[in-house]
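These notes are about the structure you will find just below.
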Amino acid sequence: MSTFPLKVISADGIPHAMEKAERYRLLNDPAQAESICLDVLAVDPDNQDALRCLILSLTDQFGASQAAHTAREARTYIVQLTDEYERAYYNGLVHERETRAFLHRKNAVRSAAYDGFRHAMEWYERAEALRPPGNVDAVLRWNSCVRAIERERLSPATDDGRELPLE
């Protein structure tokens with residue numbers, strides 16, 4: 218528990234705070250963006266801009282060692298998004314970014330990376346079916362996953378046909 222209480226921002230300061238959060242993300246300082254988004258959500262728990270920025274800030278941190286924890290945390294915020302398209306899209310994004318971080322680890326199981334990209338692609342397919350006219354984000358992300366699978370020469374786990382012995 219902290220010995221210092223968090224201060225609460227004013228509701229009229231939310232637009233300025235969100236500008237700052239986006240700026241920190243662009244400066245590759247996702248922890249600062251995350252903190253600001255949490256301050257906004259403390260005042261306005263349903264603020265969709267803050268939720269989206271927070272999810273992205275968390276996924277920006279996937280390169281760190283706690284990527285699995287951060288992915289779980291990001292998913293807890295995705296369910297708070299009110300738009301079904303956005304829930305599908307951001308679920309795909311979390312899977313994709315988590316998989317990209319996983320690939321950079323030493324001794325990554327490549328078939329698991331394939332599965333991660335495939336999960337992301339399934340979410341992007343759902344998002345594509347729900348997308349607003351002119352929004353091609355899910356298609357762009359799908360294509361990025363396909364290219365990553367091809368570039369990394371990923372493939373699903375193979376079943377070698379052997380059966381495990383019975384005890």
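Under this note's numbering, the first residue of the sequence shown is numbered 218, with each subsequent residue one higher. Backbone N, C-alpha and C fix where the C-beta goes; we use that ideal spot for every residue, glycine too.
Closest residue to residue 319 among 333, 309, 306 and 308 (Cα-Cα distance): Between residue 319 and the set 333, 309, 306 and 308, the nearest pair of CA atoms involves 333.
Specify, as a first and last residue, the run of the alpha helix (DSSP H) that residue 221 falls within. Neither: residue 221 is in no alpha helix (DSSP H) and is coded neither H nor E.
For residue 269, which residues in the same chain have their Cβ closer than 8 Å to its Cβ, ignoring the five residues on either side in sequence? Counting only Cβ-Cβ distances below 8 Å, and skipping sequence neighbours, we find 298, 303 and 307.
For residue 311 and residue 335, which I take to be in contact (beta-carbon distance under 8 Å), what is that distance rounded to the nearest angstrom? The Cβ separation is near 14 Å, so there is no contact.
In its own chain, which residues sit with a C-beta less than 8 Å from the C-beta of residue 261, not counting the 5 before and 5 after it? These residues qualify, in order along the chain: 228, 231 and 267.
Return yes when the C-beta of residue 226 is under 7 Å from any heavy atom of the ligand FAD, and no when it is not. Because no ligand of any kind appears in the structure shown, any question about the ligand FAD cannot be addressed here.
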